[in-house]
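Residue numbers (UniProt numbering): 1 to 212.
Presented below is the structure to which this report refers.
Right, dumping it as C-alpha coordinates:
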(Lines of atoms letter the chains of each structure in order from A and count residues from 1; the text may use other names and numbers.)
(Lines give C-alpha, C1' and ligand atoms only; values in the text may rest on other atoms or scores of the structure.)
Protein backbone atom coordinates (compact mmCIF):
# COMPACT_ATOMS: atom_id res chain seq x y z
CA UNK A 1 0.00 0.00 0.00
CA UNK A 2 1.00 3.62 -0.46
CA UNK A 3 0.96 6.33 2.19
CA UNK A 4 -1.40 9.29 2.38
CA UNK A 5 0.17 12.70 1.83
CA UNK A 6 -2.43 14.31 4.09
CA UNK A 7 -2.60 12.15 7.23
CA UNK A 8 0.37 9.84 6.48
CA UNK A 9 -1.53 6.60 6.94
CA UNK A 10 -0.17 3.62 5.05
CA UNK A 11 -3.53 2.80 3.41
CA UNK A 12 -5.50 5.73 2.01
CA UNK A 13 -8.67 3.63 1.98
CA UNK A 14 -8.62 3.72 5.78
CA UNK A 15 -8.39 7.51 6.08
CA UNK A 16 -11.29 9.65 7.26
CA UNK A 17 -9.86 13.02 6.24
CA UNK A 18 -10.99 12.87 2.63
CA UNK A 19 -7.44 12.24 1.51
CA UNK A 20 -8.51 9.38 -0.72
CA UNK A 21 -9.90 12.03 -3.02
CA UNK A 22 -6.77 14.17 -3.17
CA UNK A 23 -3.85 11.75 -2.85
CA UNK A 24 -2.81 10.87 -6.39
CA UNK A 25 0.54 9.06 -6.33
CA UNK A 26 0.28 8.32 -10.07
CA UNK A 27 -0.34 11.88 -11.21
CA UNK A 28 1.24 12.54 -14.64
CA UNK A 29 2.18 8.87 -15.08
CA UNK A 30 1.15 7.18 -18.33
CA UNK A 31 0.30 3.50 -17.94
CA UNK A 32 -0.30 1.38 -21.03
CA UNK A 33 -2.60 -1.57 -20.30
CA UNK A 34 -2.71 -4.41 -22.78
CA UNK A 35 -5.57 -6.89 -22.29
CA UNK A 36 -4.09 -9.83 -24.17
CA UNK A 37 -5.85 -11.37 -27.19
CA UNK A 38 -9.35 -10.30 -28.28
CA UNK A 39 -11.49 -10.63 -31.37
CA UNK A 40 -10.38 -13.52 -33.58
CA UNK A 41 -7.42 -14.11 -31.26
CA UNK A 42 -9.33 -15.30 -28.20
CA UNK A 43 -6.35 -16.92 -26.49
CA UNK A 44 -7.01 -19.91 -24.24
CA UNK A 45 -10.50 -21.38 -24.06
CA UNK A 46 -11.35 -23.83 -21.32
CA UNK A 47 -14.53 -24.93 -19.54
CA UNK A 48 -16.42 -22.51 -21.77
CA UNK A 49 -14.37 -19.54 -20.53
CA UNK A 50 -12.25 -17.37 -22.81
CA UNK A 51 -8.94 -15.84 -21.85
CA UNK A 52 -9.65 -12.67 -23.83
CA UNK A 53 -12.76 -11.95 -21.74
CA UNK A 54 -10.92 -12.34 -18.43
CA UNK A 55 -8.00 -10.20 -19.56
CA UNK A 56 -10.32 -7.37 -20.59
CA UNK A 57 -12.48 -7.55 -17.46
CA UNK A 58 -9.46 -7.18 -15.18
CA UNK A 59 -7.95 -4.45 -17.35
CA UNK A 60 -11.12 -2.35 -17.17
CA UNK A 61 -11.19 -2.66 -13.38
CA UNK A 62 -7.50 -1.78 -13.19
CA UNK A 63 -7.98 1.23 -15.47
CA UNK A 64 -10.59 2.64 -13.11
CA UNK A 65 -8.31 2.21 -10.09
CA UNK A 66 -5.29 3.72 -11.86
CA UNK A 67 -7.28 6.71 -13.08
CA UNK A 68 -8.55 7.42 -9.58
CA UNK A 69 -4.92 7.73 -8.45
CA UNK A 70 -4.08 10.23 -11.17
CA UNK A 71 -2.65 8.06 -13.93
CA UNK A 72 -3.40 8.52 -17.60
CA UNK A 73 -4.30 5.04 -18.85
CA UNK A 74 -3.88 4.01 -22.47
CA UNK A 75 -5.66 0.76 -23.39
CA UNK A 76 -4.66 -1.32 -26.40
CA UNK A 77 -8.30 -2.44 -26.58
CA UNK A 78 -11.49 -1.73 -24.63
CA UNK A 79 -13.76 -4.24 -26.40
CA UNK A 80 -13.59 -7.82 -27.64
CA UNK A 81 -11.79 -6.92 -30.85
CA UNK A 82 -8.47 -7.58 -32.53
CA UNK A 83 -6.14 -4.60 -32.30
CA UNK A 84 -4.87 -4.95 -35.87
CA UNK A 85 -7.27 -4.66 -38.86
CA UNK A 86 -9.50 -7.64 -39.63
CA UNK A 87 -7.67 -10.45 -41.39
CA UNK A 88 -4.26 -9.52 -39.96
CA UNK A 89 -1.84 -12.10 -38.60
CA UNK A 90 -1.21 -12.64 -34.90
CA UNK A 91 2.18 -10.97 -35.25
CA UNK A 92 0.54 -7.92 -36.81
CA UNK A 93 -1.89 -7.81 -33.90
CA UNK A 94 0.97 -7.91 -31.42
CA UNK A 95 2.83 -5.20 -33.33
CA UNK A 96 -0.29 -3.02 -33.27
CA UNK A 97 -0.23 -3.20 -29.47
CA UNK A 98 3.43 -2.19 -29.41
CA UNK A 99 2.69 0.69 -31.81
CA UNK A 100 -0.02 2.00 -29.47
CA UNK A 101 2.40 1.86 -26.55
CA UNK A 102 5.14 3.71 -28.42
CA UNK A 103 2.78 6.45 -29.63
CA UNK A 104 1.52 6.97 -26.08
CA UNK A 105 4.99 7.83 -24.72
CA UNK A 106 3.99 5.67 -21.77
CA UNK A 107 5.98 5.27 -18.59
CA UNK A 108 5.22 1.55 -18.27
CA UNK A 109 3.54 -1.22 -20.26
CA UNK A 110 1.57 -4.01 -18.54
CA UNK A 111 0.12 -6.90 -20.54
CA UNK A 112 -2.55 -9.07 -18.88
CA UNK A 113 -3.01 -12.78 -19.63
CA UNK A 114 -4.14 -16.09 -18.15
CA UNK A 115 -2.44 -19.39 -18.87
CA UNK A 116 -3.89 -22.53 -20.47
CA UNK A 117 -1.71 -25.66 -20.36
CA UNK A 118 -2.19 -29.44 -20.66
CA UNK A 119 -1.45 -30.00 -16.95
CA UNK A 120 -4.79 -29.18 -15.30
CA UNK A 121 -3.26 -29.30 -11.81
CA UNK A 122 -1.13 -26.17 -12.22
CA UNK A 123 -2.28 -23.00 -10.44
CA UNK A 124 -0.87 -19.61 -9.50
CA UNK A 125 0.40 -16.35 -10.90
CA UNK A 126 3.63 -15.45 -12.69
CA UNK A 127 5.18 -12.28 -14.04
CA UNK A 128 7.58 -11.85 -16.95
CA UNK A 129 9.98 -9.12 -18.04
CA UNK A 130 11.94 -8.57 -21.28
CA UNK A 131 15.02 -10.77 -21.39
CA UNK A 132 18.17 -8.77 -20.76
CA UNK A 133 16.37 -5.82 -19.16
CA UNK A 134 15.29 -4.74 -15.68
CA UNK A 135 12.93 -7.02 -13.79
CA UNK A 136 11.85 -4.26 -11.38
CA UNK A 137 8.31 -3.71 -12.64
CA UNK A 138 7.50 -7.42 -12.95
CA UNK A 139 8.97 -8.21 -9.51
CA UNK A 140 7.01 -5.49 -7.76
CA UNK A 141 3.72 -6.42 -9.43
CA UNK A 142 4.27 -10.11 -8.65
CA UNK A 143 4.88 -9.41 -4.96
CA UNK A 144 1.75 -7.35 -4.48
CA UNK A 145 -0.40 -9.59 -6.69
CA UNK A 146 0.48 -12.63 -4.60
CA UNK A 147 -0.12 -10.69 -1.38
CA UNK A 148 -3.56 -9.56 -2.52
CA UNK A 149 -4.84 -12.81 -4.03
CA UNK A 150 -2.97 -15.40 -1.91
CA UNK A 151 -2.40 -17.28 -5.18
CA UNK A 152 0.52 -19.67 -5.65
CA UNK A 153 3.66 -17.65 -6.39
CA UNK A 154 5.19 -18.99 -9.60
CA UNK A 155 7.83 -16.30 -9.59
CA UNK A 156 9.29 -13.79 -12.02
CA UNK A 157 11.16 -14.80 -15.16
CA UNK A 158 12.72 -13.25 -18.28
CA UNK A 159 10.82 -13.97 -21.49
CA UNK A 160 10.90 -13.11 -25.17
CA UNK A 161 7.19 -12.39 -25.60
CA UNK A 162 6.70 -10.08 -28.58
CA UNK A 163 5.02 -7.24 -26.67
CA UNK A 164 7.86 -7.24 -24.14
CA UNK A 165 10.96 -7.35 -26.33
CA UNK A 166 9.63 -4.86 -28.89
CA UNK A 167 8.71 -2.26 -26.28
CA UNK A 168 11.13 0.50 -25.30
CA UNK A 169 9.54 1.31 -21.93
CA UNK A 170 9.66 -0.80 -18.75
CA UNK A 171 7.32 -3.70 -19.46
CA UNK A 172 5.77 -6.68 -17.70
CA UNK A 173 3.49 -9.50 -18.80
CA UNK A 174 1.33 -10.93 -16.04
CA UNK A 175 -0.14 -14.44 -16.09
CA UNK A 176 -3.01 -14.00 -13.63
CA UNK A 177 -3.84 -17.70 -13.21
CA UNK A 178 -4.53 -20.95 -15.04
CA UNK A 179 -7.65 -21.24 -17.15
CA UNK A 180 -6.85 -24.95 -17.51
CA UNK A 181 -7.44 -25.55 -13.78
CA UNK A 182 -11.19 -25.69 -13.15
CA UNK A 183 -11.13 -24.20 -9.65
CA UNK A 184 -8.85 -21.37 -10.71
CA UNK A 185 -10.84 -20.78 -13.91
CA UNK A 186 -13.97 -20.27 -11.81
CA UNK A 187 -12.08 -17.79 -9.62
CA UNK A 188 -10.78 -15.95 -12.68
CA UNK A 189 -14.34 -15.47 -13.92
CA UNK A 190 -15.49 -14.16 -10.54
CA UNK A 191 -16.01 -10.40 -10.30
CA UNK A 192 -14.68 -10.15 -6.74
CA UNK A 193 -11.55 -12.15 -7.53
CA UNK A 194 -10.94 -10.04 -10.63
CA UNK A 195 -11.07 -6.98 -8.37
CA UNK A 196 -8.45 -8.55 -6.08
CA UNK A 197 -6.19 -9.14 -9.08
CA UNK A 198 -6.65 -5.55 -10.22
CA UNK A 199 -5.91 -4.25 -6.73
CA UNK A 200 -2.76 -6.33 -6.45
CA UNK A 201 -1.44 -5.11 -9.81
CA UNK A 202 -2.38 -1.53 -8.88
CA UNK A 203 -0.43 -1.73 -5.63
CA UNK A 204 2.56 -3.11 -7.51
CA UNK A 205 2.46 -0.28 -10.03
CA UNK A 206 2.14 2.38 -7.34
CA UNK A 207 5.04 0.99 -5.36
CA UNK A 208 7.15 0.65 -8.50
CA UNK A 209 6.84 4.38 -9.10
CA UNK A 210 7.35 5.25 -5.42
CA UNK A 211 10.67 3.39 -5.49
CA UNK A 212 11.97 5.17 -8.60
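Ideal placement from N, C-alpha and C gives every residue a C-beta, glycine not left out.
Remember, it's a predicted structure, so these values are computed and weren't measured experimentally.
{"Item": "Near residue 199, which residues of its chain fall below 8 Å by C-beta distance, leaving aside the five closest residues on each side in sequence?", "Value": "65, 148"}
{"Item": "Kindly indicate the opening and closing residues of the alpha helix (DSSP H) around residue 54.", "Value": "51-68"}
{"Item": "For residue 56, which of 123, 48, 43 has the nearest alpha-carbon?", "Value": "43"}
{"Item": "If residue 113 and residue 51 are in contact, beta carbons under 8 Å, what's the gap, nearest whole angstrom?", "Value": "7 Å"}
{"Item": "Would residue 153 and residue 124 qualify as a contact pair, given that the criterion is a beta-carbon distance under 8 Å?", "Value": "yes"}
{"Item": "DSSP three-state call for residue 47: helix, strand or coil?", "Value": "coil"}
{"Item": "Output needed for residue 252: all residues of its chain with C-beta closer than 7 Å, excluding positions within five of it in sequence on either side, in chain order.", "Value": "Summary: the structure shown does not reach residue 252, with the chain confined to residues 1 through 212, and so no result is reported for it."}
{"Item": "For the pair the segment 76-92 and the segment 129-143, tell me if three or more CB-CB distances fall below 8 Å.", "Value": "no"}
{"Item": "Taking only the alpha-carbon atoms, compute the straight-line gap between residue 100 and residue 190 and give it to the nearest angstrom.", "Value": "29 Å"}
{"Item": "In chain order, what residues of the same chain lie with their CB nearer than 6 Å to the CB of residue 127, ignoring the 5 residues before and after it?", "Value": "138, 141, 142, 156, 172, 174"}
{"Item": "Report yes if the CB atom of residue 92 is closer than 8 Å to the CB atom of residue 84, and no otherwise.", "Value": "yes"}
{"Item": "Assign residue 167 to buried or exposed, taking buried as 16 or more other Cβ atoms, counted over all protein chains shown, within 10 Å of its Cβ.", "Value": "buried"}
{"Item": "If you draw a straight line from the C-alpha of residue 179 to the C-alpha of residue 192, how long is it?", "Value": "17 Å"}
{"Item": "Should residue 14 go down as buried or exposed, given a rule of 16 or more other Cβ atoms within 10 Å for buried?", "Value": "Bear in mind that a pLDDT of 46 at residue 14, under 50, signals an unreliable position, so the number given afterwards is only what the model happens to contain. The residue is exposed, with fewer than 16 neighbouring Cβ atoms inside 10 Å."}
{"Item": "Give me the DSSP bridge partner(s) of residue 38.", "Value": "41"}
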